[in-house]
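Protein chains in written order, with our numbering: chain Z, 7 to 177; chain Y, 9 to 909.
Printed below as a string of structure tokens:
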């Protein structure tokens with residue numbers, strides 16, 4: 007008996023507390039800047055695409071909704087010929103961001119992606135690519151990678167010695 | 009020979025054989041022991057120090073000592089520990105040292121996901137880099153169209169040079185500089201010359217050498233859809249894994265076959281797959297329209313109505329041309345449709361008579377057909393009249409290994425195991441098992457040959473006849489060459505005679521066979537191998553009557569052309585001059601061509617039926633050693649394509665595979681065991697073609713339609729075009745004989761071993777499945793007495809041979825389909841006629857000047873090059889030109905003066 011009354015009181019008390027829900031979409035809830043929503047592809051500080059088409063996001067994706075196909079420029083830089091994500095399958099888990107070795111994939115707090123036609127939820131690379139570096143301002147994968155690209159030869163990356171002269175007799 | 013001994017690993021007793029090293033023993037027991045420099049085919053050198061284990065003196069010994077397991081023979085009662093703290097720390101610190109200079113490249117490295125170094129690093133628990141210093145770097149080299157070079161990634165295991173120099177006999181890859189600076193590359197950037205350079209991509213434990221054509225349409229290993237396939241670019245029939253994604257063939261990997269290719273493929277086989285990807289392929293049924301340049305696309309129904317109309321019209325005379333590059337099933341289907349009388353082989357007369365002679369001889373004599381492994385283990389090889397490096401490259405690699413047996417024998421006498429590479433090489437020095445070559449010119453194998461005799465074809469024959477006489481009646485009145493050769497052969501325990509059909513000389517071939525039969529009487533373990541021109545050449549010849557070849561067909565139908573001609577997967581323009589074929593085809597009312605690429609013959613067709621490529625069909629092939637092997641489709645068929653037999657099945661009443669096999673058993677009883685390959689019972693085990701971690705399934709076709717459709721069904725085999733079914737790894741870790749799993753294996757994988765090196769970890773069990781080994785059809789039919797068939801008409805050979813013009817082969821031009829690959833096209837040499845100085849004086853030409861060759865059918869004029877290893881009185885003409893020459897060959901030179909007149 008007492009417990010039932012106590013329950014009633016508890017419930018009545020809650021009528022006077024501030025609601026956690028908001029009147030969406032007129033009112034928007036607060037989403038932190040690191041909220042896991044739609045992904046974007048960022049660029050490095052030089053303005054080049056960060057994505058190197060390594061396929062780790064695609065392998066990490068639990069719903070298999072990312073397709074990446076590799077392309078290579080004349081100077082040896084890898085980039086994505088195709089980067090396709092099927093957002094109608096995406097569960098915003100953020101595994102792809104975690105897997106990305108170049109900080110190309112970053113999650114944004116945008117979760118409002120409702121569409122009348124499911125086909126519109128298939129995003130290609132040009133729909134995902136932004137013009138800035140996103141959360142990581144200074145990171146440039148090719149500066150720490152051993153592969154030579156245009157403007158960065160062998161031995162010019164961070165923590166690299168100049169290339170060995172194999173014709174030298176010095177040990 | 010091999011005894012089982014007891015080995016205690018971490019106090020658990022195991023039985024292992026004593027002819028292998030400790031590392032291999034542990035790997036065979038499915039234990040995770042990391043290594044880099046050891047390779048099952050190349051032995052151990054103990055260079056990388058990664059495979060350290062703790063060895064104990066006896067049960068009481070608790071201290072133990074570190075040994076490199078790859079350098080330690082297995083002895084009875086041996087006690088070792090893999091888990092020992094000290095051994096583990098040693099391996100972890102060793103790989104930490106190896107990794108100090110390794111670049112931060114994995115995301116942009118083609119090897120990533122298929123990398124032995126990645127696997128071994130994780131296996132040794134080196135997960136965090138402590139080294140804060142700078143890394144050494146290297147400049148890369150251009151190594152040709154097959155391989156990328158990225159020297160920064162090198163860990164200095166020396167596998168590449170050991171493979172390239174010691175195993176393949178190449179000399180343009182070497183190691184330079186010293187200490188941490190060592191560099192593996194060429195003295196100058198340039199194309200790697202050896203025919204087996206592509207294997208470096210598999211041999212290298214990391215990404216220094218990577219597959220360049222694969223990199224151009226790159227897919228990570230876990231996304232590739234793989235199935236067991238057979239290489240169709242020569243007659244050896246090497247086993248491969250074909251890998252595709254999205255309907256595009258991406259890569260060919262080696263599939264270990266203990267008796268054929270072992271661990272290595274040739275570059276033609278590895279990179280020749282691009283005929284499946286080119287734009288120039290047939291996709292729809294095309295019917296020639298009434299107006300010029302008009303082509304109609306037909307539906308299936310229309311096509312079959314048209315076919316029925318042409319085949320069944322009154323007074324129809326339908327002729328079918330079978331193909332050496334089409335499977336046994338396809339040829340049989342065409343055979344049934346047109347009838348035995350009207351079925352012709354798509355090869356020239358000489359070749360068909362060679363092949364039929366071979367098939368008869370195999371059936372009626374006691375010659376044992378050696379496999380490549382048996383050739384590797386033989387102790388003398390007599391190679392006659394065939395440049396095998398160019399015509400059947402993998403065979404040449406086996407012959408090269410054979411020459412090392414003398415050293416191995418010596419080593420064995422001293423108690424040194426064959427895998428102790430450095431020691432064996434020291435003992436061997438320059439001693440080689442005898443390789444005797446009779447050819448028209450020096451070949452790639454000449455450097456390891458004991459005797460290399462260059463002779464014109466008629467002299468080759470007379471030498472061989474002399475050898476035959478000697479074997480019948482040995483005395484000393486013969487020429488030096490005969491005595492030297494026969495003594496070398498008779499001294500050996502298991503000599504092998506190797507020849508080929510690419511010299512187009514029936515008499516030479518029959519003499520080779522007679523010599524082998526005689527040798528077999530002297531040496532019971534002697535063997536024979538005859539390389540044929542194409543993967544299914546021998547299989548096709550079983551379906552044909554004598555004289556059913558292109559030469560005869562064209563000759564017989566010149567006056568009375570057939571009403572319809574069905575040409576299956578053959579490009580007639582490869583065999584004759586354009587004018588001859590065009591004028592002949594123009595006489596024929598209905599030409600039906602079934603092919604998967606648009607060849608010149610396809611362009612002449614009235615009706616084109618798009619066939620499936622090798623990678624879209626399940627097919628059975630008969631290789632040069634008469635071994636029947638089955639290859640599986642790796643991808644579903646594209647658009648309107650169908651396998652050739654499927655196009656014909658409505659009209660010849662062979663509705664399915666079962667019916668075809670039954671028909672084959674009727675027309676060629678030798679092929680009866682083929683029914684073993686027919687197992688489309690999916691209830692037992694169906695096998696996944698895709699890896700466990702195949703990704704992007706919900707995005708791959710999302711640009712076309714976001715709805716996800718079910719993967720295409722494969723009704724013809726136990727394999728699925730999906731991840732459903734038994735994954736490859738589960739089979740390779742199970743003992744197959746015990747569990748009676750008899751399904752094909754679609755890949756190599758072992759827990760923690762993602763790279764292809766997983767084959768070394770208990771992976772060989774999976775290869776021992778009977779169905780994967782193929783069936784040697786003549787093995788059970790051995791008669792008591794050898795009786796070689798008589799040559800029906802010795803004058804046969806005069807049509808192509810017995811002239812001073814001989815064919816010159818090249819690995820990248822000999823095969824039709826491989827020629828479509830872009831990377832291979834880059835390495836095709838310029839057409840030129842070769843001859844020696846004497847001959848050029850005789851013809852009064854200088855190097856670079858043109859030589860004219862006229863014959864009945866074809867005339868050609870090519871610049872010449874001087875090569876003094878060529879025998880006197882002959883000139884060498886590139887094979888694709890040579891084959892078009894008819895009879896009455898006349899050679900002349902044009903000098904500038906004559907030109908002006």
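Don't be surprised by glycine CBs; every beta carbon is placed ideally from N, CA and C.
Alpha-carbon to alpha-carbon, residue j and residue i
i              : j              : result
residue 732(Y) : residue 721(Y) : 11 Å
residue 333(Y) : residue 244(Y) : 13 Å
residue 136(Y) : residue 68(Z)  : 26 Å
residue 486(Y) : residue 475(Y) : 9 Å
residue 642(Y) : residue 152(Z) : 35 Å
residue 439(Y) : residue 414(Y) : 6 Å
residue 757(Y) : residue 697(Y) : 13 Å
residue 259(Y) : residue 730(Y) : 18 Å
residue 326(Y) : residue 574(Y) : 7 Å
residue 278(Y) : residue 263(Y) : 11 Å
residue 20(Y)  : residue 226(Y) : 44 Å
residue 809(Y) : residue 852(Y) : Because the pLDDT at residue 809(Y) is just 42, under 50, the model does not fix this residue reliably, and the value given afterwards should be weighed accordingly. Rounded to whole angstroms, residue 809(Y) to residue 852(Y) spans 24 Å at the Cα level.
residue 614(Y) : residue 315(Y) : 11 Å
residue 175(Z) : residue 443(Y) : 40 Å
residue 177(Z) : residue 80(Z)  : 35 Å
Contacting residues, own chain, Cβ-Cβ under 8 Å from residue i (five flanking each side not counted)
i              : result
residue 472(Y) : 392, 446, 516, 519, 520, 523
residue 844(Y) : 874, 875, 876, 877, 878, 879, 880
residue 372(Y) : 791, 794, 795, 796, 797
residue 103(Y) : 42, 58, 128, 129, 132, 134
residue 526(Y) : 476, 479, 480
residue 182(Y) : 169, 173, 192, 193, 194, 195
Beta-carbon neighbours of residue i, restricted to chain Y and to distances below 7 Å
i              : result
residue 76(Z)  : 226
residue 67(Z)  : 703
residue 107(Z) : 115
residue 64(Z)  : 703, 704
Chain-ordered chain Z contacts of residue i [CB-CB under 8 Å]
i              : result
residue 705(Y) : 70
residue 138(Y) : Those within 8 Å of residue 138(Y) in chain Z number zero; the least Cβ separation is about 14 Å.
residue 6(Y)   : Limits of chain Y in this structure are 9 at one end and 909 at the other, which puts residue 6(Y) out of reach.
Anticipated Cβ contact below 8 Å, residue i with residue j, distance rounded
i              : j              : result
residue 533(Y) : residue 498(Y) : Not quite, the Cβ-Cβ distance comes to about 13 Å (not below 8 Å), so this is no contact.
residue 662(Y) : residue 344(Y) : 6 Å
residue 605(Y) : residue 256(Y) : Between residue 256(Y) and residue 605(Y) the Cβ distance is about 15 Å, and since that is not below 8 Å, they are no contact.
residue 411(Y) : residue 456(Y) : 5 Å
residue 784(Y) : residue 377(Y) : 7 Å
Under 9 Å by beta carbon: chain Z residues contacting residue i
i              : result
residue 221(Y) : The premise fails here: residue 221(Y) is roughly 13 Å from chain Z at the closest Cβ pair, so nothing lies under 9 Å.
Chain-order list of residues whose beta-carbon lies under 7 Å from that of residue i (same chain, five-residue window excluded)
i              : result
residue 399(Y) : 242, 508, 510, 539, 817, 822
residue 841(Y) : 859, 870, 872, 883, 884, 885
residue 280(Y) : 241, 823, 825, 826, 829, 832
Residues near residue i in its chain [Cβ-Cβ closer than 6 Å; skip 5 each side]
i              : result
residue 548(Y) : 330, 332, 339, 353
residue 42(Z)  : 98, 100, 113
residue 35(Y)  : 768, 769
residue 74(Z)  : 59, 61, 64, 86, 89
residue 184(Y) : 191
residue 656(Y) : 341, 345
residue 86(Y)  : 15
residue 120(Y) : 114
residue 649(Y) : 618, 620
residue 160(Z) : 154, 169
residue 386(Y) : 410, 502, 504
Under 9 Å by beta carbon: chain Y residues contacting residue i
i             : result
residue 90(Z) : 704, 707, 708, 710, 711
Contact set between residue i and chain A, taken where Cβ atoms lie within less than 8 Å
i              : result
residue 143(Y) : Although the question refers to chain A, the structure presented lacks it and instead comprises the protein chains Z and Y.
Under 8 Å from the C-beta of residue i: neighbouring residues of chain Y
i              : result
residue 157(Z) : What residue 157(Z) touches in chain Y: nothing, since even the nearest Cβ is about 16 Å away.
residue 127(Z) : 714
Any non-hydrogen atom of the ligand COA closer than 7 Å to residue i Cβ
i              : result
residue 104(Z) : Judged by which ligands are present, the structure shown has none, so any question about the ligand COA falls away.
Completely contained alpha helix (DSSP H) runs for the segment 55-127 of chain Z, where each covers 4 or more residues: 62-66, 101-105
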